[in-house]
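Residue numbers (my numbering): 391 to 675. Glycine included, every Cβ here is placed at the ideal spot set by N, Cα and C. Here the structure is a predicted model, which is why all the values come from computation and not from measurement. A quick write-up on the structure given underneath.
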């Protein structure tokens, strides 16, 4: 009886025998040898849209210039018109201050108008504010004091002996007295204080955040400084009250100044009603 033999082991097929372990068949097309595996390339650029977020960002960037153009057309013109309107109002306000008609303003630049107003606001001889500009400034200070509930005082000054100086030594001597007093006031008062030339030999000092007693004390000190330069002046002080306006406030200070002037003395301490001149002191009453 022939011996039993084991069944032969099937050999590997030639195809499978010749294939490498990793395989490179059709199913391997997604390997390293192929093209981009994911995303869409934007034509004529190096950009690749690989996700919905990329697409949204690209759309936003593309639409941004259009949105900007729409904004400029809608609001840019409005802003320009508003700026021009604001400038026109400023020009008309300056023209009003200078006494110019709107027709006269057309040919003058805004910069030139500002320069003209600045020149018109200050007195050429003394360098302090002219009357009109000073009254406007006082009106604003009154409004500010009421708004902030803060004190405000003014002083009305009159140069003593100006007429005598003009008669004896000419108007040049009188001008020197006026300039000297103006310089003393500008030097000795605070930066926020205002000085204006109210009339020929009259000045007004506007003293924000100052009660009448402090204003009088300050004036007394300034008088002593002015005397060193040979300048004498009489002064009256008034503090802003509830019913005051520019006219009444100036009027009260003016009345006090003329009361001092009538006694032929320079105010030393208006709180005590003391006047003096040439070393004399006497009490009002």
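- Residue pairing by DSSP places residue 439 opposite 430 in a beta bridge.
- Spatial neighbours of residue 579 in its own chain (CB-CB distance under 7 Å, excluding positions within 5 residues in sequence) are listed in chain order as 585 and 595.
- Residue nearest to residue 520 within the set 649, 593, 550 and 541 is 593 (criterion: CA-CA distance).
- Proximity of the region 552–560 to the region 604–622 falls short of the contact definition, fewer than three beta-carbon pairs being nearer than 8 Å.
- Looking at the DSSP output, residue 587 shares a beta bridge with 593.
- Under DSSP, the beta-bridge partners assigned to residue 626 are 546.
- Proximity to residue 625 across 581, 588, 563 and 545 peaks at 545, based on C-alpha coordinates.
- Following the DSSP letters along the chain, one finds residue 606 inside the alpha helix (DSSP H) bounded by residues 602–618.
- Residue 519 sits in a strand when the DSSP states are folded into three classes.
- Contact between residue 543 and residue 602 holds, since their C-beta atoms are separated by about 5 Å, short of 8 Å.
- With 16 or more other Cβ atoms inside 10 Å of its own Cβ, residue 549 counts as buried.
- Three or more beta-carbon pairs separated by less than 8 Å link the region 531–538 to the region 624–643, which places the two stretches in contact.
- Of the residues assessed, residue 629 falls on the buried side of the cut-off, its CB having 16 or more other CB atoms within 10 angstroms.
- In the DSSP assignment, residue 644 falls within the unbroken alpha helix (DSSP H) covering 636–652.
- The DSSP-derived three-state label of residue 541 is coil.
- Sequence-distant partners of residue 607 (beyond 5 residues in either direction) whose C-beta falls short of 6 Å from its own C-beta are missing from its chain.
- Classified as exposed, residue 445 has fewer than 16 neighbouring CB atoms from the shown chains inside 10 Å of its CB.
- Here residue 588 is buried: its Cβ has 16 or more other Cβ atoms, across all protein chains shown, within 10 Å.
- Apart from the 5 residues on each side of it in sequence, residue 567 sits with its Cβ closer than 7 Å to the Cβ of 549, 552, 555 and 621 in its chain, given in chain order.
- Residue 455 counts as exposed, since fewer than 16 other beta carbons sit within 10 angstroms of its beta carbon.
- Residue pairing from DSSP places residue 598 in a beta bridge opposite 542.
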